[in-house]
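Undergrad: Per UniProt numbering, residue 1 is the first one in the sequence shown, and the count goes up by one each step. I have a structure I would like to understand better, so I am pasting it below and will then ask my questions one at a time.
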Amino acid sequence: MDLIGVETVSFPACRDDLSIVERGDTVLAGGTWLFSQPQPQVRRLIDITRLGWDPIILRDNGIELAATCTLSDISALTDRLVSSRPSWLAAPLLRQCCSALLASFKICRTATIGGNICLSFPAGAMISLVSALDGTLTVWRPDGSDYTLKAGEFVVGDAENVLARGEVLRAVHLPASALRGRTAFRKIAPSALGRSSAVVIGRRDSEHDGGGFVLSVTAATLRPFVFQFPAIPDASTLREALSAIPTDAWTNDVHGDPDWRAAVTALLAEQVRDELT
Ligand SMILES: Cc1cc2nc3c(=O)[nH]c(=O)nc-3n(C[C@H](O)[C@H](O)[C@H](O)COP(=O)(O)OP(=O)(O)OC[C@H]3O[C@@H](n4cnc5c(N)ncnc54)[C@H](O)[C@@H]3O)c2cc1C
């Protein structure tokens, strides 16, 4: 779709060129959402895809994904990790989360992890990934400083996050300790390829990494909920933890009513617990 209000498109090549100051200045990443509907408030697009960020950096302490890394690159990483990092048992989760997005291969080759997280939709599949793998987000402030935070702190509601004017999501770090964990993934949607109504992911850390259990709930709720346990909980402990999700935090849209989402989340969480026990 043409964005008829756009007057300028900027292509910053380094951080110093990245000035997002005026109302109407808008970061452009893959553009799959920006160009999918009218954006009457947008006057200037600031294309961050020419900043030269390495999309994926593999280190012993984990993976750094640039905000501009595409979903198809993240999905392909699953196969790369099987040979290059066989101890990172969570590798399949990368592809599973990329597949939880209602999108064709054309969208996946263009959409970025940063765009998905910054949209902050409940069904943001990259938010599911980062929440389940204890990811840390790095945000650039316009004054040249940075700060880091977790996905659960970044997304604060339906399409709402903590980004202030001029701030840019720079990267996501997934720690090796979480990547070494065993994961179980469940997604439910009204149609096989439809937008997710609930995504429930469990992670059981190796004994070397403390043997803890993490359960993340996304899509079913307006923001991510992550529950951490020192070991695999029993069914009733898990149910009780889930009951802490406030009634008004369940997503309510055409993809499912809140009471249904709460019920299927409990069911999927028990399946995940059982699989990882
Ligand atoms: C067919 C289709 C299906 C989709 N299905 C889903 C779905 O199931 N679930 C879901 O959550 N979404 C879905 N989306 C939306 C999807 O999240 C986005 O298309 C995609 O992930 C956004 O990435 P992008 O790089 O294209 O972002 P863009 O469209 O470029 O940007 C999206 C928003 O994020 C901002 N932004 C982008 N990068 C940054 C950054 N690094 N720092 C600060 N702000 C930034 C932009 O200013 C804009 O407001 C779908 C879109 C399409 C077209």
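From the three backbone atoms N, C-alpha and C, an ideal C-beta is built for every residue, glycine too. What you are looking at is a predicted structure, and each value in this text was computed from that prediction instead of being measured.
Between Cys98 and Ile74, how many whole angstroms is the CB-CB distance? I'm expecting something under 8 Å.
TA: 6 Å between Cβ atoms; contact.
Undergrad: Mind checking whether Gly115 and Ala244 have CB atoms under 9 Å apart?
TA: No, the pair does not count as a contact, with Cβ atoms beyond the cut-off.
Undergrad: Locate the beta strand (DSSP E) running through Ile113, then write down its first and last residues.
TA: That residue, Ile113, is in no beta strand (DSSP E); its alpha helix (DSSP H) goes Ile113 to Leu119.
Undergrad: Check whether the Cβ of Asn168 lies closer than 8 Å to any heavy atom of ligand 1, and answer yes or no.
TA: At residue 168 the sequence reads Val, which differs from the Asn that was named. Yes, the Cβ of Val168 comes within 8 Å of a heavy atom of ligand 1.
Undergrad: Skipping 5 residues on each side, what residues in its chain have a beta carbon closer than 7 Å to that of Ala66?
TA: The residues are Trp53, Asp54, Pro55 and Ala171.
Undergrad: Does DSSP put Ile63 in a helix, in a strand, or in coil?
TA: Strand.
Undergrad: Please report the residue range of the alpha helix (DSSP H) in which Phe213 lies.
TA: Run containing Phe213: none in the alpha helix (DSSP H); it sits in the beta strand (DSSP E), Phe213 to Thr218.
Undergrad: Ala263 to Phe227, Cα distance in whole Å?
TA: Their Cα atoms are separated by approximately 17 Å.
Undergrad: Mind checking whether Gly135 and Leu174 have CB atoms under 9 Å apart?
TA: Cβ atoms of Gly135 and Leu174: closer than 9 Å.
Undergrad: Just to confirm, is the Cβ distance from Gly181 to Asp205 under 9 Å?
TA: A contact, by the Cβ cut-off of 9 Å.
Undergrad: For Leu45 and Thr32, I'd like the C-alpha separation in whole angstroms.
TA: Rounded to whole angstroms, Leu45 to Thr32 spans 14 Å at the Cα level.
Undergrad: Go to Ile127, then tell me how far its alpha helix (DSSP H) extends in each direction, as first and last residue.
TA: Segment Ala125 to Ala132, the alpha helix (DSSP H) holding Ile127.
Undergrad: What I want to know is whether the C-beta of Val11 ends up closer than 8 Å to one or more non-hydrogen atoms of ligand 1.
TA: The amino acid occupying residue 11 in the given sequence is Phe; Val does not appear at that position. No, Cβ of Phe11 sits at least 8 Å from all heavy atoms of ligand 1.
Undergrad: Here's the rule I'm using: 16 or more other beta-carbon atoms within 10 Å means buried, otherwise exposed. How should Asn61 be labelled?
TA: Exposed: under 16 other Cβ atoms inside 10 Å.
Undergrad: Take Glu7 and list the residues in its own chain whose beta-carbon comes closer than 7 Å to its own, dropping the five residues that flank it on each side.
TA: The residues are Arg43 and Arg44.
Undergrad: Please report the straight-line C-alpha distance between Asp2 and Phe11, rounded to a whole angstrom.
TA: Approximately 19 Å between the Cα atoms of the pair.
Undergrad: Measure the C-alpha to C-alpha separation of Thr265 and Ala220 and round it to an integer number of angstroms.
TA: Each residue's Cα considered, the two are about 7 Å apart.
Undergrad: Excluding sequence positions up to five away, which residues of its chain have a Cβ less than 6 Å from the Cβ of Gly202?
TA: Ala184, Leu215, Val272 and Leu276.
Undergrad: How is Val168 classed by DSSP in three states: helix, strand or coil?
TA: Of the three classes helix, strand and coil, the one that applies to Val168 here is strand, per DSSP.
Undergrad: For my contact list, Thr70 and Ala111 are in at a C-beta cut-off of 8 Å; report their separation, rounded to the angstrom.
TA: Right, their Cβ atoms sit about 6 Å apart.
Undergrad: Just to confirm, is the Cβ distance from Glu270 to Leu238 under 9 Å?
TA: Yes, they are a contact pair.
Undergrad: Which of helix, strand or coil does DSSP assign to Ala103?
TA: Residue state, collapsed to three classes: coil.
Undergrad: Who are Glu7's beta bridge partners in DSSP?
TA: Its beta-bridge partners do not exist; DSSP assigns none.
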